[in-house]
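Take a look at the structure below.
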Amino acid sequence: MKRCLLVSVGELILKGKNRSSFENILIKKIKETVKRAGSYEFKRYRARYAVIAKTDDANFQELVARLRNIFGIAVIFQGYIVSRDMDSIKESVLKVAKKHSTFKIRSKRHDKSYAIKSFELNREIGDFVLSEVPGVRVDVHNPEQVINIEIFEDSAVVFTEAAKGVGGLPYGTAGRVVSLFSGGIDSPVASWMMMKRGCEIIPVHFHTPPYTGEGSLLKVKDLIKHLTTFAGKPIISYFVNFTAIQLAIKKCVPDKYVTIVSRRFMGRIAEEIARTEKAKGVISGESLAQVASQTLENMLCVDEVFSLVVLRPLVGFDKGEIIQKARYIGTYDISIRKEIDCCHLFVPKRPETKANIESVCNAEKGVFEMLGSDWKYDYSIEYIS
Amino acid sequence: MIYLDYAATTPVYSEIIKNIPALLERYNFNPSALYSPGVKTREALGDARRQLAFYLNVAPENIIFTSSATEAANMVFKGLNYKSANKILLSNLEHKSVVESAESASMLGAETVYIKHHREGMEFDDIRPFIDENVRICSIMLVNNETGAVNQLEKLTYEIKNYSEDILIFTDIVQGFGKMPVNLENVDFASISGHKLGSMKGVGCLYVQKPEMLKPLIVGGGQEFGLRSGTENVVAVLTLKQALEITAKLYEENREHLKKLKEKLIDFCNKMHFHINSPENSVDYIVNFSTGMLPSEVLINHLSSKGIYVSAASACTKGGVSRVLKNMGYSDGIAATALRISLHPYVKQEDIDKLIYEIEWACENLVL
């Protein structure tokens, strides 16, 4: 009898001919994660992948915690690989069955030559659990625990659900995108949601020293560091010193256009970084009408500077939903950390809510004149892990 | 690096850093143990206690080592019995460690009463209207950590005790200990922090005149005369002892130097028409002023980028400003643009010149 975890993929099952390319990336990720956690072997059981402990002291709890963060995994089961005789199956069932709960046995014969049919197996093991495990009751419709028994050619696998995975598609399978990353609540959630759809993210953070301090940068880095637990690898991140541009905007642009023009300049820089990094899109954490600057008209004005696809995964979410998501991801507590900065000095008192491209372009002419046609910006790149 | 934030913490003196490995090796034992190395460790702890007591002119049995001055304040306000009298009188300019621990004593039935007073410090006349038979304890800080304002501790405590012997007196002497004379004759409790003097972080002490008045917050092995259980951090205590020796000598020998540094800063503030928040009677090693034009954080960030480290007690986000300056009656504009420069004998005139140059530059170039 060997202890194991079984990993079940989510929507990868729906993939057609290119399924194997997605699967190979996921398997590689699972193997890397497993390798970091201890001594395990890896075996495929049809649509599931088994991680089998090589030693008795394997820390499955830690392994589950690591695996559940891998995009592409829908469910993680824990259980035993045993020989196909009834005694062994019963012994392992006793190990996984929860006391004082409702349960259901779900058997499946992948090897149809196995003498006992699935419904017979369900009945026999069900009776066995009822007689041996205290306080249990059968509930076939809505059980607290499903005990799965699958019969293969050379062994049987008995398992129950240990944790839900994050689902989605393996990280990096959908291509690269830059992410406008502020350090607030929204942008880490937006980044995570696109990571979940298989995007490899390249966060771009704009800071305005000395109006923002090193504490704010640390917060951003901590947020990105948290996202690396889902990426499973270091995240290349850009930190753009935006002060000179921001001051020029503040000086040359009517107050109500300051936010829109700032975002357009950030967009231009993000687009340039995207091209350098061979990224195909830009993530923005905007949610429609959340604040005055996030109206359809204003989004249109900002989008005008992009030739790449603009991804706004939060556009239809309200703030409560975003916060709930941030808590689930684990970024909320970092995002709300109070880091003192004075970027509010650049926020207009009455921002334009219905800007049109013509007037915004007119407003930013002075900025181009001040910065010069070959305007540049300082930035640093960090591999955050 | 130009460090001008000594009121926040004094970096551990290099001679102490060098000595720490030897101390760790020599006193690597439990001071309660019966065998020789344990006894030697206990002896070292006792020596440190005696030296601190000698410096404060009190008995060693009245010195309780703690993890910090914050812990010392908590031990007092949460360790007292408020059955016969429940009022805690304190200035609204006290340090947060005192305000918060006094406030938390409300769960024991205590009631805090804040005394407003003029910017130079407290007078007995400010306190007297609040005194009645319900006053249990009165808190008077020696040196204000934000402005450097000095309270006439000796005079005030004499006047209070003369008026009513029943009133207990707590004093936070963190910013004055080792740097100026302190008379604890009429004081019942005093809190001290080690790292403000240049010791390791995580060590402080409480002076307590009558230990039996306090119910311990931490119980266990009965260390520190039963008032603060837990194996003593002997090495940290020894660094506190050494830091006190160094500090007392340095400040004594450099009074004139510190005075000149302060004068230079004050002259600069006057030239720039900055608002000086430190009162006339403040210590020479803390100068607080407001530019009136640059949010504190912008100036701090700019100075930090030039390797000059100062602080402000304000937070410019979400309208948060220095509580102390606000309670002194200053406007949001003053409180949000304040800077605290805290000095040390090691600070050179050239350091202040560089600071002045950068502040001038910032005021010319960073004001939006």
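Protein sequence lines correspond, in order, to chains A and B.
Under the numbering used here, read the first sequence as residues 1 to 385, first letter to last.
Under the numbering used here, read the second sequence as residues 1 to 368, first letter to last.
The beta carbon of each residue, even a glycine, is placed where N, CA and C say it ideally should be.
Nothing here was measured: the structure is a model prediction, and the numbers come from that model.
query	result
Residues in the same chain with beta-carbon distance under 8 Å from Asn-365(B), minus the five sequence neighbours each way, listed in chain order, please.	none
Distance check for Leu-238(B) and Arg-255(B), CA to CA, integer angstroms please.	26 Å
I believe Gly-11(B) touches Gly-198(B) by the beta-carbon criterion, under 8 Å. Please report the beta-carbon distance rounded to the nearest angstrom.	The sequence as given places Pro at residue 11(B); Gly does not occur at that position. Indeed they touch by this definition, with Cβ atoms about 7 Å apart.
Given this structure, state the Cα-to-Cα distance separating Tyr-332(A) from Ser-216(A), to the nearest angstrom.	15 Å
Shorter than 8 Å from the beta carbon of Gly-351(A) to some beta carbon of chain B?	A small correction: the amino acid at residue 351(A) is Pro; Gly does not occupy that position in the sequence shown. So, not an interface residue.
Is Lys-319(A) helix, strand or coil when you go by DSSP?	helix
Mind listing, in chain order, the continuous beta strand (DSSP E) runs of no fewer than 3 residues lying wholly within the region 170-211 of chain B?	189-193, 204-208
When burial is assigned at 16 or more other CB atoms within 10 Å of the CB, is Pro-181(B) buried or exposed?	exposed
Could you tell me whether any Cβ in chain A is nearer than 8 Å to the Cβ of Glu-133(B)?	no
Any beta carbon from chain A within less than 8 Å of Glu-256(B)'s own beta carbon?	no
Should Val-99(B) be labelled buried (16 or more other beta-carbon atoms within 10 Å of its own) or exposed?	buried
Where does Pro-21(B) sit, in a helix, a strand or coil, going by DSSP?	helix
Tell me the DSSP bridge mates of Leu-227(B)?	Partner(s): none; Leu-227(B) has no beta bridge.
Look at Leu-377(B) and Leu-153(B) and say whether their C-beta atoms are less than 8 Å apart.	This structure cannot settle anything about residue 377(B), because the visible part of chain B is limited to 1 through 368.
Use the C-beta contact count for Gln-61(A): other C-beta atoms within 10 angstroms, 16 or more gives buried, fewer gives exposed.	exposed
Mind checking which residues open and close the beta strand (DSSP E) that includes Tyr-379(A)?	378-384
Does DSSP put Ile-224(A) in a helix, in a strand, or in coil?	helix
Among Arg-109(A), Glu-161(A), Lys-98(A), which one has its Cα closest to the Cα of Leu-130(A)?	Lys-98(A)
In whole angstroms, give me the CA-to-CA distance for Ser-107(A) and Ile-322(A).	40 Å
What does the Cβ neighbour count give for Asp-446(A), buried or exposed, with the cut at 16 atoms within 10 Å?	The question about residue 446(A) has no answer here: the residues shown for chain A are numbered 1 through 385.
In the DSSP assignment, find the unbroken beta strand (DSSP E) run with Thr-102(A) in it and report its ends.	102-109
Give the interface partners of Gly-183(A) over in chain B, defined as CB-CB distance under 7 Å, in chain order.	Residues of chain B passing the Cβ test: none, with the nearest at roughly 13 Å.
Arg-136(B): buried (16+ other C-beta within 10 angstroms of its C-beta) or exposed?	buried
Count the C-beta pairs between the region 62-74 of chain A and the region 218-237 of chain A that are closer than 8 Å, then say yes if the count reaches three, no if not.	yes
What is the rounded straight-line gap between the Cα of Asp-318(A) and the Cα of Ile-131(B)?	54 Å
Strictly under 8 Å for the Cβ-Cβ distance: is Ile-340(A) near chain B by that measure?	yes
Since Val-177(A) and Met-194(A) should fall inside the 8 Å C-beta cutoff, what is the C-beta to C-beta distance between them, to a whole number of angstroms?	6 Å
What are the start and end residues of each continuous alpha helix (DSSP H) run of 4 or more residues lying completely inside the region 240-313 of chain A, in chain order?	243-252, 258-276, 296-303
If we ignore side chains and look at the alpha-carbon of each, how far apart do Val-204(A) and Glu-339(A) end up?	19 Å
Relative to the C-alpha of Pro-351(A), which candidate in Val-258(A), Ser-335(A), Ser-385(A) has its C-alpha closest?	Val-258(A)
Mind checking which residues open and close the beta strand (DSSP E) that includes Gly-168(A)?	Per DSSP, Gly-168(A) belongs to no beta strand (DSSP E) and is neither H nor E.
Would you list the one or two residues that DSSP bridges to Gln-152(B)?	Gln-152(B) pairs with nothing; no bridge assigned.
What three-state label does DSSP hand Leu-34(B) in the structure shown?	coil
Taking Asn-74(B) and Ser-101(B) to be in contact with their CB atoms under 8 Å, please state how far apart those CB atoms are, rounded to whole angstroms.	4 Å
Out of Ile-185(A), Glu-150(A), Asp-56(A), Val-138(A), point me to the one whose CA is closest to Thr-102(A)'s CA.	Val-138(A)
So is Tyr-379(A) in contact with chain B if we call contact Cβ pairs under 8 Å?	no
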